[in-house]
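Going by UniProt numbering, the sequence shown opens with residue 1, and the numbers climb by one from there.
Here the structure is laid out as structure tokens; the discussion comes afterwards.
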Amino acid sequence: MIRPPAPLSTIFRDLVNRFRADIPALRRTGRYALLPELCVNCLGKDARQGLCSGCRSDLPINHTCCHRCGLPLILAMPRPGLICGECLKHPPAYDRAFMPWRYEFPVDRMISHYKYHRQRAFGRPLLADMAGHVEAYLAACPDQRPDLLVPAPMHRQRERQRGFNQAAEIAEAISQRTGIPWSGQRVRRVRKSAAQSGLDRQERLRNLRGVFEVNGEVPAHLAIVDDVVTTGATMRTLAWLLRKHGAERIQVWALARTPAHSGHQGFYMTGNGETGRESG
Ligand SMILES: [Zn+2]
Ligand SMILES: [Zn+2]
């Protein structure tokens with residue numbers, strides 16, 4: 001496929017962001033303390049943690065979603081405790097989701113620059129804000145505080161190619177802010193799985209059989225951490241395995257959740273039995 005050339009502003013922004021990955025380290029040396037903090041998206045100057053207030057307020061908040069899996073739902077009057085049709089039909093082994101954004105522009109682009117293009121500057125505001133959102137969530141619901149954060153593991157070879165596991169970086173950022181310990185050793189990815197796209201629900205779950213392995217003690221209450229949850233098959237598999245190894249309460253914490261495919265007409269149910277239709 002031939003792609004049209006990127007506009008000059010995009011090329012310039014990406015160049016700046018490539019350099020920016022080193023800026024926090026440079027600032028700490030003192031010699032570059034006066035470097036302005038620029039927004040990763042618009043290069044505006046009033047940035048905090050790499051994002052200006054305008055771009056931050058444009059992030060797609062996942063406020064109306066399934067309580068259990070985080071799937072965005074369309075609803076005129078948001079209510080707490082909504083459960084989507086998929087979770088009603090096939091309850092996952094995890095109990096609750098915390099995913100502050102929908103995987104839509106510009107969060108999708110920021111995550112892909114962070115993950116696939118080695119532009120760590122794009123990840124910094126998301127990781128910092130995620131840690132802040134988790135802190136606020138736990139302040140409001142202290143009984144949701146897990147004993148351990150478990151980042152979704154990457155296959156060793158893939159992690160070597162990418163140079164980092166983004167799920168581990170997110171878990172570390174949350175851990176630094178909240179004091180909840182994290183471990184990248186508790187679950188390992190022992191086998192690579194075939195591509196998940198184009199597979200139905202059953203095939204996806206079958207495809208993930210034997211992919212993960214649990215090592216050591218599993219605490220009673222934990223949160224699995226990842227960057228994006230798309231179909232939830234990986235989270236379902238991990239949660240099922242962790243439950244088999246003794247976990248009693250499992251949450252899934254991710255930066256973003258992909259909205260349902262267009263044409264998907266699942267139903268949801270509220271706590272009082274009311275039903276409606278899922279998003280687009
Ligand atoms: Zn901006
Ligand atoms: Zn759900």
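Here a beta-carbon is modelled for each residue, glycine too, at the ideal position from N, C-alpha and C.
Using 8 Å as the cut-off, classify the Cβ of residue 296 as near or not near the heavy atoms of ligand 1, replying yes or no. Residue 296 is absent from the model: the chain starts at 1 and stops at 280.
Just mark Gly-179 as buried or exposed, buried being the case when its beta carbon has 16 or more other beta carbons within 10 Å. Counting from one through the sequence shown, the residue named residue 179 turns up at place 179. So Gly-179 counts as exposed.
May I have all residues whose beta carbon comes closer than 5 Å to any heavy atom of ligand 2, sorted in chain order? Cys-66, Arg-68, Cys-69, Leu-71, Cys-84, Cys-87
(Q) Within a Cβ cutoff of 7 Å, which residues of the same chain sit near Trp-101, ignoring the five residues on either side of it in sequence? (A) In the sequence shown, counting from the first residue as 1, residue 101 sits at position 101. The answer, listed in chain order, is Leu-59, Pro-60, Ile-61, Asn-62, Val-107, Leu-255, Ala-256.
Inter-residue CB distance, Val-225 and Ala-247 (contact presumed, cutoff 8 Å): Within the sequence shown, the letter at position 225 stands for residue 225. Within the sequence shown, the letter at position 247 stands for residue 247. Not quite, the Cβ-Cβ distance comes to about 14 Å (not below 8 Å), so this is no contact.
Can you list, in chain order, the stretches of the alpha helix (DSSP H) that have 4 or more residues and sit fully within the region 148 to 207?
156 to 162, 166 to 178, 201 to 207
Would you call the CB atoms of Tyr-94 and Arg-68 closer than 9 Å? By 1-based counting over the sequence shown, the position of residue 94 is 94. By 1-based counting over the sequence shown, the position of residue 68 is 68. Taking 9 Å as the Cβ cut-off, Tyr-94 and Arg-68 qualify as a contacting pair.
Item checked: Under 9 Å between C-beta atoms of Ile-174 and Ala-131 -> Counting from 1 along the sequence shown, the entry for residue 174 is found at position 174. Counting from 1 along the sequence shown, the entry for residue 131 is found at position 131. Cβ distance < 9 Å, so Ile-174 and Ala-131 count as in contact.
For this session: Determine the closest residue to Pro-153 out of Val-187, Ile-111, His-133, with distance taken between C-alpha atoms.
Result: As a working note, residue 153 is residue 153 in the sequence shown. That would be Val-187, whose Cα lies nearest to the Cα of Pro-153.
Validate contact between the region 136 to 145 and the region 199 to 216 using beta carbons, cut 8 Å, 3 pairs:
no
Segment limits, beta strand (DSSP E) that includes His-221: Position 221 of the sequence shown holds residue 221. Counting along the chain, the beta strand (DSSP E) containing His-221 begins and ends at 221 to 229.
Worksheet item: Should His-155 and Arg-109 be called a contact, given that it needs their Cβ atoms to be closer than 9 Å?
Response: Counting from 1 along the sequence shown, the entry for residue 155 is found at position 155. Counting from 1 along the sequence shown, the entry for residue 109 is found at position 109. Contact: no.
Is Ala-220 a contact residue of ligand 1, with contact defined as CB to any heavy atom under 8 Å? Looking up residue 220 in the sequence shown gives position 220. No, Cβ of Ala-220 sits at least 8 Å from all heavy atoms of ligand 1.
Note to self: For Lys-45, tell me which candidate among Val-16, Met-99, Arg-120 has the shortest Cα-Cα distance.
What the structure shows: Numbered from its first residue, the sequence shown carries residue 45 at position 45. For the residues Val-16, Met-99, Arg-120, the minimum Cα distance to Lys-45 belongs to Val-16.
Run of the beta strand (DSSP E) containing Glu-104, from where it starts to where it stops: Within the sequence shown, numbered from 1, the residue matching residue 104 stands at position 104. Glu-104 -> no beta strand (DSSP E), and no H or E assigned at all.
Taking C-beta to C-beta, are Ala-223 and Leu-149 nearer than 9 Å?
What you label residue 223 is simply residue 223 of the sequence shown in a count that begins at 1. What you label residue 149 is simply residue 149 of the sequence shown in a count that begins at 1. In contact: Ala-223 and Leu-149 (Cβ atoms closer than 9 Å).
Q) Exposed or buried, Thr-10, counting other C-beta atoms within 10 Å across all chains shown (16 or more means buried)? A) Working through the sequence shown from its first residue, we reach residue 10 at position 10. Burial call: exposed.
request  = Indicate the three-state DSSP secondary structure (helix, strand or coil) for Arg-249 in the structure shown.
outcome  = Reading the sequence shown from its first residue, position 249 is the one you call residue 249. Arg-249 falls in the strand class under three-state DSSP.
Inset, instruction - Please go through the same chain and pick out, in chain order, the residues whose beta-carbon is closer than 8 Å to the beta-carbon of residue 281, but skip the five residues on each side of it. - result: In the structure as shown, the chain begins at 1 and stops at 280. Residue 281 is therefore absent and cannot be evaluated.
Contacting residues, own chain, Cβ-Cβ under 7 Å from Asn-207 (five flanking each side not counted): The count along the sequence shown starts at 1 and reaches residue 207 at position 207. Only Ser-193, Ala-194, Gln-196, Leu-199 meet the Cβ criterion.
By the DSSP assignment, the beta strand (DSSP E) with Arg-96 in it spans what residues? Within the sequence shown, numbered from 1, the residue matching residue 96 stands at position 96. Note, Arg-96: beta strand (DSSP E), 96 to 98.
Which same chain residues end up closer than 8 Å to Ser-183 when comparing Cβ atoms and leaving out the 5 residues on each side of it in sequence?
Position 183 of the sequence shown, counted from the first residue, corresponds to residue 183. Leu-148, Leu-149, Val-150, listed in sequence order.
- prompt: Which residue comes first and which comes last in the beta strand (DSSP E) that contains Val-134?
  reply: By one-based count along the sequence shown, residue 134 stands at place 134. Unbroken run through Val-134 is the alpha helix (DSSP H), 123 to 140; no beta strand (DSSP E).
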